[in-house]
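Be aware that the sequence shown starts at 373, since it is given in the numbering used here, and climbs by one per residue.
Virtual Cβ for every residue (Gly too), placed ideally from N, Cα, C.
It should be emphasised that the depicted structure is a prediction, and the values quoted were computed from it without experimental measurement.
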Amino acid sequence: MTQFYEQVKERMIRYAKVDTQSSNHSKTVPTTMKQFDLARMLYEELKQIGCSDVWLDEEKCVVYGKIKANAEGKPLGLVAHMDTAPDASGANVKPWVLENYDGGDIVLNKEQNIFMKAGDYDNLSMYIGQDLILTDGTTLLGGDDKASISAIMTFAEYVIAHSEIKHGLISIAFTPDEEVGGLARDLDLERFESPVAYTLDGDHLGYYEDETFNASQANIHLKGISVHTGTAKGIMKNAVDIGTEFLSRLPKYEKPQYTDGREGFYHAVSFSATCETGEIVMIIRDHDALHFAQREDYLRKVTEALQNEYGKECIELEIVPTYRSMKEVIDQVPWMMDNLIEAIKACGIKAQSLAFRGGTDGSALSQRGLPSPNLSAGYENAHGRFEYVPVQSMEKNVEILLKLAEICARG
Ligand SMILES: [Zn+2]
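1. Output the boundary residues of the alpha helix (DSSP H) element that contains residue 642.
2. Jot down the residue ranges of each uninterrupted beta strand (DSSP E) in the region 534 to 561, minimum 3 residues, whole runs only, in chain order.
3. Less than 7 Å separating the Cβ of residue 459 from some heavy atom of ligand 1?
4. Could you check which residue in 469, 579, 400 has the C-alpha nearest to that of residue 501?
5. Which residues in the same chain have their Cβ closer than 6 Å to the Cβ of residue 716, if we skip the five residues on either side of it in sequence?
6. Pick out whichever of 755, 582, 667 has its Cα sitting closest to the Cα of residue 704.
7. Any contact between the region 444 to 451 and the region 417 to 433? By contact I mean 3 or more CB pairs, one from each, below 8 Å.
8. With three or more beta-carbon pairs closer than 8 Å as the criterion, would you say the region 450 to 461 touches the region 751 to 763?
9. Tell me, which residues are paired with residue 650 by DSSP?
10. Under the DSSP definition of a beta bridge, which residues are partnered with residue 657?
11. For ligand 1, I want to know if residue 516 counts as a neighbour, meaning its beta carbon is within less than 7 Å of at least one of the ligand's heavy atoms.
12. Tell me the DSSP secondary structure of residue 469 in three-state form.
13. For residue 453, name the three-state secondary structure that DSSP assigns.
14. How would you call residue 499, buried or exposed, if buried means at least 16 neighbouring beta carbons within 10 angstroms?
15. Taking 6 Å as the limit between beta carbons, can you name the residues of its chain near residue 636, skipping five residues before and five after?
16. When the Cβ atoms of the region 664 to 682 are set against those of the region 642 to 651, are three or more pairs found closer than 8 Å?
17. Determine the closest residue to residue 660 out of 649, 691, 708, 587, with distance taken between C-alpha atoms.
18. Looking at C-beta atoms only, is the number of pairs between the region 469 to 482 and the region 560 to 570 that lie closer than 8 Å three or more?
19. Report buried or exposed for residue 782, applying the criterion of at least 16 other Cβ atoms within 10 angstroms of its Cβ.
20. With distances taken from CA atoms, which of 741, 560, 744, 768 is nearest residue 374?
21. Cα-Cα, which of 456, 742, 589, 699 is closest to residue 667?
22. Going by C-alpha distance, which of 521, 407, 528, 489 is nearest residue 509?
23. Between residue 712 and residue 743, which are expected to be in contact by the criterion C-beta below 8 Å, what is the C-beta distance as a whole number of angstroms?
24. Just the C-alpha distance for residue 718 and residue 776, rounded to the nearest angstrom, thanks.
25. If you drop the 5 nearest sequence neighbours on each side, which residues of the same chain put their C-beta closer than 7 Å to that of residue 549?
26. For the 8 Å Cβ check, are there 3 or more pairs between the region 478 to 492 and the region 378 to 388?
27. Which residue spans inside the region 728 to 773 form an unbroken alpha helix (DSSP H) run of at least 4?
28. Using the C-alpha atoms, what's the distance from residue 379 back to residue 518?
29. If you draw a straight line from the alpha carbon of residue 700 to that of residue 584, how long is it in whole angstroms?
30. Does ligand 1 have even one heavy atom less than 7 Å from the beta-carbon of residue 550?
31. Where residue 575 and residue 419 are concerned, what is the direct C-alpha to C-alpha distance, given to the nearest angstrom?
32. By how many angstroms is the C-alpha of residue 691 removed from the C-alpha of residue 679?
33. Residues in the same chain with beta-carbon distance under 6 Å from residue 390, minus the five sequence neighbours each way, listed in chain order, please.
34. By Cβ distance, which residues of its chain are closer than 7 Å to residue 597, with the 5 residues on each side in sequence left out?
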């Protein structure tokens, strides 16, 4: 047990109790005003531990803090999100600690008979002997991403209290609405100051991501000609048929349910049509930029072929970019990944990377010119009632951040 144990535990429990669930149905910024409850708490705490330039954006709900450089060296930016996923309730979270986990089933709620069965969750076996922060089985925990906020805050407090630790500029930001596609849109890069950042978000301690999907949405507009079915021969064009044909020309096994790892896909999100009119909404995903472009091209070709067959006005394709993989941006600052991997290893943890099958705030931030790879937060079973965080994983993340600051200070 390190000196950080009690601090990360206390923080995680305190933050978890603040309901910060974001919403997919809201058009406000942030999507839910209750995220300000945690934002204000973090604002006060950053000031209290002695950060400089502490600022809360009262409009956009972003919290900033800095630790000024006391040595030459590379800057270190850290970003974590305050909201929790809409998938499970974030109200009345009742976190508790199971010490020295024995590897068996866990009773989350005796009254309501809610158990977490060891056999259902392989990840539990990694944490035998550790101390798990759990829920009462009726809400999520919010370790995603409050485990990161706990680690960052504990790291910052320690660095400020120990002036003998040499470091470059350290910039910290806590953002809203990650879970509902906020993409850290309102992070003010000028105020943040550090030209690079690590987001901390993700499960399994020691994992990192420098690659995400490239992503776009395709809207296929269909237009038919409806006439009485008895006299339709040679006249009718059925938008239902045209749409069905479009979908049938997509490669059968290049779909989410048949792919993993670095395999990309097409996914039909919705298809609605009558004889007269219709629309298909699809998403396209691929890690590889070239393959991604080829996928978009393929949709163009299928559209063209159907236009030749049915008439140009019958089918129209519109492609809207969603986000780009962070990889091309991060590859231009190779020291970021070198330093991160060195820091993880120096803390006695295996550094493992995943080509993330989704997008992160870091993909959007990288696109905006702030290279932002991701370091795992260490939570497990996120977005659900069986979410938990091993205290030891948060402790380790504090150590990794300290190492990272030290390595960055080498220049
Ligand atoms: Zn998250």
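The short version:
1. Taking the sequence shown and counting its residues from 1, one reaches residue 642 at position 270. Per DSSP, residue 642 belongs to no alpha helix (DSSP H); it is in the beta strand (DSSP E), 637 to 645.
2. 542 to 547
3. If you number the sequence shown from 1, residue 459 lands on position 87. Every heavy atom of ligand 1 is 7 Å or more from the Cβ of residue 459, so no.
4. Along the sequence shown, one-based indexing puts residue 501 at 129. Comparing Cα-Cα distances from residue 501 to each of 469, 579, 400, the minimum goes to 469.
5. Position 344 of the sequence shown, counting from 1, holds the residue named residue 716. Closer than 6 Å at the Cβ level, and outside the excluded window around residue 716, lie 578, 723, 772.
6. Here the question's residue 704 lines up with position 332 in the sequence shown. Answer by Cα proximity: 582.
7. no
8. yes
9. Within the sequence shown, numbered from 1, the residue matching residue 650 stands at position 278. DSSP lists 594, 645 as partners of residue 650.
10. Start at 1 with the first residue of the sequence shown, and residue 657 comes out as number 285. Answer is 587, 637.
11. By one-based count along the sequence shown, residue 516 stands at place 144. Yes, Cβ of residue 516 sits closer than 7 Å to a heavy atom of ligand 1.
12. Locating residue 469 in the sequence shown gives position 97, counting from the first residue. Strand, per DSSP.
13. One-based indexing of the sequence shown puts residue 453 at position 81. Reduced to three states, the DSSP call for residue 453 is strand.
14. Counting from one through the sequence shown, the residue named residue 499 turns up at place 127. Looking at its Cβ environment, which holds 16 or more other Cβ atoms inside 10 Å, residue 499 is buried.
15. What you label residue 636 is simply residue 264 of the sequence shown in a count that begins at 1. Taken in chain order, the residues that qualify are 657, 658, 663.
16. no
17. The residue you call residue 660 lines up with position 288 of the sequence shown. Answer by Cα proximity: 587.
18. no
19. Numbered from 1 along the sequence shown, position 410 holds the residue referred to as residue 782. With fewer than 16 other Cβ atoms within 10 Å, it is exposed.
20. Counting from one through the sequence shown, the residue named residue 374 turns up at place 2. Comparing Cα positions, the closest option is 768.
21. By 1-based counting over the sequence shown, the position of residue 667 is 295. Looking at the Cα atoms, 589 is the closest of the given residues.
22. Locating residue 509 in the sequence shown gives position 137, where the first residue counts as 1. Among 521, 407, 528, 489, the Cα nearest to that of residue 509 is on 489.
23. For the purposes of this step, residue 712 is taken as the residue at position 340 of the sequence shown. For the purposes of this step, residue 743 is taken as the residue at position 371 of the sequence shown. Not confirmed; about 12 Å, so no contact.
24. Numbered from its first residue, the sequence shown carries residue 718 at position 346. Numbered from its first residue, the sequence shown carries residue 776 at position 404. Approximately 9 Å, taken between the alpha carbons.
25. Within the sequence shown, residue 549 is the residue found at index 177, counting from 1. So the qualifying residues of the chain are 394, 402, 403, 455.
26. no
27. 733 to 739
28. By one-based count along the sequence shown, residue 518 stands at place 146. By one-based count along the sequence shown, residue 379 stands at place 7. Each residue's Cα considered, the two are about 13 Å apart.
29. On the sequence shown, position 328 is the one that residue 700 refers to. On the sequence shown, position 212 is the one that residue 584 refers to. Going from the Cα of residue 700 to the Cα of residue 584 covers about 10 Å.
30. As a first step, residue 550 must be located in the sequence shown, where it is residue number 178. Yes, the beta carbon of residue 550 sits closer than 7 Å to at least one heavy atom of ligand 1.
31. Within the sequence shown, residue 575 is the residue found at index 203, counting from 1. Within the sequence shown, residue 419 is the residue found at index 47, counting from 1. If I take the Cα positions, the gap works out to 29 Å.
32. Looking up residue 679 in the sequence shown gives position 307. Looking up residue 691 in the sequence shown gives position 319. One C-alpha to the other measures close to 17 Å.
33. Reading the sequence shown from its first residue, position 18 is the one you call residue 390. Cβ within range, chain order: 409, 410.
34. By 1-based counting over the sequence shown, the position of residue 597 is 225. Within the same chain, residue 597 has close Cβ partners 607, 608, 609.
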